[in-house]
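Number of protein chains: 2
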Amino acid sequence: MPHTGKPENQPRPTPTVEDYLMTMYVMERDYGEIIAARLAEMLNVAPATVAMTFRRMERDQWLTGKGRHGVHLTETGRAAASSVIRRHMLTEWLLVKVLKVPIHKTHDEAHNIEHAISPELEERMRESLGDPQVCPHGNPFPGAEEVTRGWVPLTEVPVGEKVVVRRIHEFAENSPELLTFLVEQGILPGSQTEVIETLPFNQTLTIRLGEKQVTLGYPAARFLFVERAVSA
Amino acid sequence: MPHTGKPENQPRPTPTVEDYLMTMYVMERDYGEIIAARLAEMLNVAPATVAMTFRRMERDQWLTGKGRHGVHLTETGRAAASSVIRRHMLTEWLLVKVLKVPIHKTHDEAHNIEHAISPELEERMRESLGDPQVCPHGNPFPGAEEVTRGWVPLTEVPVGEKVVVRRIHEFAENSPELLTFLVEQGILPGSQTEVIETLPFNQTLTIRLGEKQVTLGYPAARFLFVERAVSA
DNA sequence: TCCAAAAATTAGCCTGCGCTAACCTTAAAT
DNA sequence: ATTTAAGGTTAGCGCAGGCTAATTTTTGGA
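Laid out in structure tokens, this is it:
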């Protein structure tokens, strides 16, 4: 394990290859391309570090040397990424179901643990947890992307329409404050809500949750996917 | 996390500082001194590596520069070791109770995971698991050493005496084959048994388990602690 | 007491994986 | 068309933490 060495036990400061792979997988899946600069931000390393890591990863066959429009995962890389992501999501479910950890804390905890799950353990977890198709935040397991069909960003829902929150995108999970906010407001998978108004110019959007109203910035709202066609 | 880099996912090859601390803690607790050469064997690194690591660990206040008779853990070091060991043992219980992993497989799995447990998670685990005093192999949690009072190595039991297996020492857990053997023979905490005969010259010892008899080498038998004074 | 084995240490080397600083592209914006 | 900004890369550096080989202690017999 990456290590500070000092008598402190801070969050892992240096991303592993698996961390790179996971993030790249999601980027490729949802945005079609992998931008090193974005990766550097998300993993909290310098852009130069990403470049060096790409070299090693290409050498080790996780990545294809860029074939026009940036790098891409190899099949091996994609498989490895899927594997960590599965372990991540299963760990999250274990934390939620067995240890009653609230979902705004599962991401970080699971992130530490996921690297340490053996294939056998993964299988036992899957059984214990009833072979889930999405993580506690509603993100699909690799291979189960179809279940998200029909879920759209909250920003695309017309005013007045009733919807059900289905998914908080994994990139929102990188911001603990945002996640905490959402959970505190009761915005989580399964919540019924309705768009009250949008203010396109200042990029804000207000929704109703039961009695109360909550205003979200667009960046946050774009990470919230909802199911439409909810008959009143 | 320590990492091979290559598309393989083998057991962690390089021990962490926490791994050093755990092993040193147990050595000091049960043998009174820390021998670098033994440590090197147990951690699968070269003796020279241990020497270098000791330097860094002294610098970082985990160890006292040797005060005659080898190095010793500082209070900080001992506390850190206790902490990992607790997390290790709680993880083992989680694996055993929730995921039904057999105890000859829990050690390695837990070893990977233990480094990734936060204090909050540790607390939730302790609650979920009912505040155990020993690990699934019967080794005491740091601070609960008294529960092992009265448990003696199997090698010290006179022929003919009935005893109950209580503990498989942690150093035996480093040998998966031994542990598997013990579990297959039904030798685990709680098993009733009786010493049939000892052959001190070839260092062998035979015990009865239910109908069948099992012969153990002394090295193995020294790792088995039993409770005497079991009224027939 | 002396010697051989065991234990410990030092030196020199390697890789992984961060960092900053400086330097290229490319593409959009004046 | 030129400028600026964003993205990407290279070079040079640091530390953690392995390794072997070659010493130098220690220590426990004979």
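Going down the list, the sequences are from chains A and B. All the letters of the first sequence, read from the start, carry residue numbers -7 to 224 under the numbering used here. All the letters of the second sequence, read from the start, carry residue numbers -7 to 224 under the numbering used here. Glycine included, each C-beta is placed from N, C-alpha and C at the ideal position.
Identify the contact partners of residue i in chain A, using a Cβ-Cβ distance below 7 Å as the criterion.
i	result
residue 110 of chain B	101
residue 117 of chain B	91
residue 105 of chain B	105, 108
residue 120 of chain B	90, 91
Count the other C-beta atoms from every protein chain shown that fall within 10 angstroms of the C-beta of residue i, then say buried if there are 16 or more, exposed otherwise.
i	result
residue 39 of chain B	exposed
residue 0 of chain B	Because residue 0 of chain B carries a pLDDT of 39, less than 50, the predicted location of this residue cannot be relied on, and no value is offered for it.
residue 117 of chain A	buried
residue 36 of chain A	exposed
residue 193 of chain A	exposed
residue 43 of chain B	exposed
residue 231 of chain A	The structure shown does not extend to residue 231 of chain A, since chain A is modelled only from -7 to 224, so the question has no answer here.
residue 151 of chain B	exposed
residue 203 of chain A	exposed
residue 9 of chain A	buried
residue 45 of chain B	buried
residue 159 of chain B	buried
residue 101 of chain A	buried
residue 176 of chain A	exposed
residue 191 of chain B	exposed
residue -6 of chain B	A caution first: residue -6 of chain B carries a pLDDT of 32, below 50, which makes its placement in the model unreliable, though a value can still be read off. Residue -6 of chain B comes out exposed.
residue 142 of chain A	exposed
residue 168 of chain B	exposed
Residues of chain B with CB under 9 Å from residue i, in chain order?
i	result
residue 95 of chain A	Near residue 95 of chain A there are no residues of chain B at all, since even the closest Cβ is about 14 Å away, more than 9 Å.
With 8 Å set as the bound, which would you pick, yes or no: does the beta-carbon of residue i sit closer than that to a beta-carbon of chain A?
i	result
residue 55 of chain B	no
residue 5 of chain B	no
residue 12 of chain B	no
Compare the C-beta of residue i with all C-beta atoms of chain B and state if any pair is closer than 8 Å.
i	result
residue 113 of chain A	yes
residue 74 of chain A	no
Relative to the C-alpha of residue i, which residue among the options is closest?
i	options	result
residue 134 of chain A	A/212, A/12, A/148, A/79	A/79
residue 61 of chain B	B/7, B/150, B/24, B/182	B/24
residue 71 of chain B	B/199, B/120, B/18	B/18
residue 20 of chain B	B/65, B/153, B/45, B/128	B/65
residue 32 of chain B	B/215, B/22, B/13	B/13
residue 157 of chain A	A/163, A/166, A/130	A/130
residue 136 of chain A	A/128, A/145, A/124, A/144	A/124
residue 210 of chain A	A/26, A/148, A/55	A/148
residue 127 of chain A	A/153, A/138, A/143, A/95	A/95
residue 221 of chain B	B/177, B/188, B/205, B/144	B/144
residue 188 of chain B	B/7, B/67, B/205, B/103	B/205
residue 164 of chain B	B/15, B/219, B/195	B/15
residue 218 of chain B	B/91, B/207, B/184, B/208	B/184
residue 6 of chain B	B/28, B/76, B/34	B/34
residue 83 of chain B	B/68, B/186, B/122, B/47	B/122
residue 103 of chain A	B/103, B/98, B/110	B/110
residue 76 of chain B	B/201, B/41, B/107	B/107
residue 278 of chain A	A/200, A/28, A/98, A/140	Because chain A in this structure spans residues -7 to 224, residue 278 of chain A falls outside the shown range and cannot be described.
In this structure, what does DSSP give as the bridge partners for residue i?
i	result
residue 219 of chain B	B/143, B/156
residue 64 of chain B	B/56
residue 126 of chain A	A/132
residue 206 of chain A	A/199
residue 33 of chain B	Per DSSP, none; premise fails for residue 33 of chain B.
residue 184 of chain B	B/156
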